[in-house]
Amino acid sequence: MSVEHASMRIIDGYARGDTDIAADEVWALEAHLEACGVCRDRLSAAVGAEAPAVAALVDTVWSGLEPELAATAMMPSRRRWSARLSRWMTPVMVPWLAMAMGVTLIALLLDVVGSGSHDVSLVLLLAPVLPVLGVAASWSRGLDPAYELTASAPRAGLYLVLRRTTSVLAVVVPALLVGGWATGVTAAQWLLPCLAFTSTTLAFGGVVGVTRAAVSLVVVWAAVVVVPTLAASRTTFALQTGALPVWGLILALGIGVVIARGGAYSVLGAHR
Amino acid sequence: MMPAVNAADIAPMPYAWEIRATGLKVRAGRKRMAVDGLDLSLGTGVHGVLGPNGAGKTTLVRALATVLRPAEGTLELLGESVGGMGEHRALRRRIGYLPQEFGYYKRFTVREFVEYMAWLKEVPKADIPAAVQRAVERVGLADRADERMKALSGGAWCGGWASLRPSSTTRRSCCWTSRRPASTRRSGCGSGSCCSSWVRTPVWSCRPIWWRTCHLVEDVAAACTDVVLFAEGRLVFQGLPDELASVGGPEHEGDSPLERGYSAMLRGPGQGRGTW
Chain A
1 MSVEHASMRI IDGYARGDTD IAADEVWALE AHLEACGVCR DRLSAAVGAE APAVAALVDT
61 VWSGLEPELA ATAMMPSRRR WSARLSRWMT PVMVPWLAMA MGVTLIALLL DVVGSGSHDV
121 SLVLLLAPVL PVLGVAASWS RGLDPAYELT ASAPRAGLYL VLRRTTSVLA VVVPALLVGG
181 WATGVTAAQW LLPCLAFTST TLAFGGVVGV TRAAVSLVVV WAAVVVVPTL AASRTTFALQ
241 TGALPVWGLI LALGIGVVIA RGGAYSVLGA HR
Chain B
1001 MMPAVNAADI APMPYAWEIR ATGLKVRAGR KRMAVDGLDL SLGTGVHGVL GPNGAGKTTL
1061 VRALATVLRP AEGTLELLGE SVGGMGEHRA LRRRIGYLPQ EFGYYKRFTV REFVEYMAWL
1121 KEVPKADIPA AVQRAVERVG LADRADERMK ALSGGAWCGG WASLRPSSTT RRSCCWTSRR
1181 PASTRRSGCG SGSCCSSWVR TPVWSCRPIW WRTCHLVEDV AAACTDVVLF AEGRLVFQGL
1241 PDELASVGGP EHEGDSPLER GYSAMLRGPG QGRGTW
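Protein chains in written order, with my numbering: chain A, 1 to 272; chain B, 1001 to 1276.
Structural data, given as structure tokens:
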């Protein structure tokens, strides 16, 4: 940056309001004053020395304004955490996440209390579909009042979907981790189905809408795994360690589809 | 200090029309083709889109906001072709869009909500506070910016949006949904709210494109430089408000020349198609 400053001659003349300064000099001086604090200080000193009338006027205005400024309320300190949190999850997701936590807690209680009557862990049965609830709420037309505003924003699309999904997993997975630890189920046994279901929801969501995909997957899970398991009181193959490679494959497929169809999340269709 | 003009504003335009649609077809829902073969070219200006219920106005504006993609035909916005499954982030940064159903989070304060929108809009982080303050001041909500959204009355909202409207003559009221004059209901203007959807460049741009679906024929004359009449997904008329007014005669329905012109344009081709 150049450190050339305006000459005292021009500044004094400007402060006095001289009319003999050339117009281009005035422009150059004003442009310089906007950017240069040193010269602004010199100008205010020059105003005091050269133009007492102006200085008196400024003082009068200032003394008139001062009581009003004192009475004006300060801007309240910003609630930074809520502003930052809203970039990860919408306020409408909070009750859904709370519900997912509640369900985990109840399943855990039932597991611990009634461990004698059932051989099946409820936490294990519910783990795959719990994050799906949160993901559905994060990209839903019915739940999110600002869905259309969001959908039209440049940041909408795969990036925002993944961001919200991450925040859902960040809440649900630790809860399940505690539940799994308490009931003695290995982490891989529920974590893989959990992630596989999440990625499949997103993959189908790009085609039929995230909420619809979530609802159909939960229904399929309930019909194919939960009901037979509870009826037979025996852990199905799907939840045994032998099925883990299958879940891994589903997870990989889901991620692949999500990446390949990344643009599909930036249109209204994904909000159904 | 914010420069009044930036490089983007004085850059040469590499396109002839801000909005250009050829044979555009856009689906609403799964089957219905709401915009059905539209040819439309729009430049800089305030364009009022008129048409009866279900004419496809909202679908068209959604396509212009890139939240619906063309099923057929081409759509070019600001020189960029919109289609396929791209995210169009650079284009979206240059378009503003206020949807018909404008929802918000009640727990947010006005400032928080606008900040959140600025973040979604990919405004550079350092510019967000100043941009939010400008936006809030512009809609006259600066003194209530730190109140929760749910505490704002409908009047405050309307006042906010009204002060964003282009001309002072249209600043009467924005709440036409609740107290729409009987004449507009008769003239076949669609339901919903006035100024329901508009696409425009951000407030701080020097090259504004206003784009809104409007149901009040009279409002258009005051606010818009150009009228686009739209029925059954096709273009019926495009021109100046005065040209539309001159089409109508005393035999047509309506209380003003513009409403009579509106009825004349819609009755004419509509009746011919309805007879068989």
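Ideal placement from N, C-alpha and C gives every residue a C-beta, glycine not left out.
Same chain, Cβ closer than 7 Å to B/A1245, five either side skipped, listed in chain order: Cβ neighbours of B/A1245 beyond the five flanking positions: P1257, L1258, G1261.
Spatial neighbours of A/L169 in its chain, beta-carbon cut-off 6 Å, leaving aside the 5 residues before and after: P131
Anticipated Cβ contact below 8 Å, A/G206 with A/A264, distance rounded: 4 Å
Segment limits, beta strand (DSSP E) that includes A/S167: Run containing A/S167: none in the beta strand (DSSP E); it sits in the alpha helix (DSSP H), 158-183.
Backbone CA spacing between B/T1170 and B/V1026 [nearest angstrom]: In this prediction, B/T1170 scores a pLDDT of 29, lower than 50, which makes its location untrustworthy; the coordinate-derived value is nonetheless stated afterwards. Straight-line Cα distance between these residues: approximately 31 Å.
Whether A/L230 touches A/V113 by CB criterion (8 Å): no
B/V1035 (DSSP reduced to helix, strand or coil): strand
Selection from A/A6, A/A175, A/Y147, A/V129 that minimises the alpha carbon distance to A/S199: A/V129
B/A1041 classed as buried or exposed, judged by whether at least 16 other C-beta atoms fall within 10 angstroms: Just to set this straight, residue 1041 of chain B is Ser in the shown sequence, not Ala. Residue environment analysis places B/S1041 among the exposed positions, since fewer than 16 neighbouring C-beta atoms fall within 10 angstroms of its C-beta.
Terminal residues of the alpha helix (DSSP H) in which B/R1062 lies: 1057-1064
B/T1044 vs B/E1076 beta-carbon contact at 8 Å: No, the Cβ-Cβ distance between B/T1044 and B/E1076 is not below 8 Å.
Alpha-carbon spacing of A/V220 relative to A/V226, whole angstroms: 9 Å
Residue span of the alpha helix (DSSP H) that contains A/E68, given as start and end: 52-71
Chain-ordered neighbours of B/G1086 on chain A, where CB pairs are closer than 9 Å: G263, S266
Own chain partners of B/R1179 with C-beta closer than 6 Å, once the 5 adjacent residues on each side are dropped: At B/R1179, the pLDDT of 24 sits below 50, so the modelled position is not reliable; the number obtained from the coordinates is stated separately. So the list is empty, once near-sequence residues are dropped.
Cβ-based contacts, 9 Å cut-off: residues of the stretch 137-169 of chain A near chain B: D144, P145, A146, Y147, E148, L149, T150, A151, S152, A153, P154, R155, A156, G157, L158, Y159, L160
Contacts of B/M1149 in chain A (Cβ-Cβ under 9 Å): Within chain A, no residue comes near B/M1149; the closest Cβ sits about 10 Å away, beyond 9 Å.
B/L1266, DSSP secondary structure in three states: helix
Rounded straight-line distance, which links the Cα of A/S266 to that of A/L253: 21 Å
Cβ of A/A213 within 8 Å of any chain B Cβ: no
Below-8 Å beta-carbon distance, B/G1023 vs any chain A residue: no
Within chain B, partners of A/S82 - CB distance below 7 Å: E1112
Beta-ladder partner(s) of B/F1237, from DSSP: B/L1229
Of the listed residues B/A1028, B/V1236, B/A1118, nearest to B/R1039 (C-alpha basis): A small fix is needed here, since residue 1039 of chain B is Asp in this sequence, not Arg. Per the Cα distances, B/V1236.
Reduced DSSP secondary structure (H/G/I, E/B, other) of B/H1047: strand
is_contact[A/S86, chain B] using C-beta, thresh 8 Å: yes
Proximal residues to B/G1083 (C-beta, below 8 Å), its chain only, five neighbours per side dropped: Here B/G1083 has R1069, P1070, T1074, L1075 as same chain residues with Cβ atoms under 8 Å from its own Cβ, once five neighbours each way along the sequence are excluded.
Completely contained beta strand (DSSP E) runs for the stretch 1069-1119 of chain B, where each covers 3 or more residues: 1072-1077, 1080-1082, 1096-1098, all fully within the stretch 1069-1119 of chain B.
Residue interval of the alpha helix (DSSP H) (run including A/I11): 8-16
Pick from A/V218, A/P193, A/V258, A/F204 that is closest to A/F237, judged by C-alpha positions: A/P193
Distance between A/L217 and B/R1234 (C-alpha atoms, nearest Å): Cα to Cα, B/R1234 sits roughly 40 Å from A/L217.
Own chain partners of A/T241 with C-beta closer than 8 Å, once the 5 adjacent residues on each side are dropped: T186, A188, Q189
Interface flag, B/K1057 vs chain E, CB-CB below 8 Å: Among the protein chains of the structure shown, namely A and B, there is no chain E.
Length of the line joining the Cα atoms of A/V94 and A/V173: 15 Å
Beta-bridge pairing of B/T1022 - partner residues as DSSP gives them: B/T1074
Sequence-distant residues of its chain with Cβ nearer than 8 Å to A/S7 (five each side left out): Contacts found: none.
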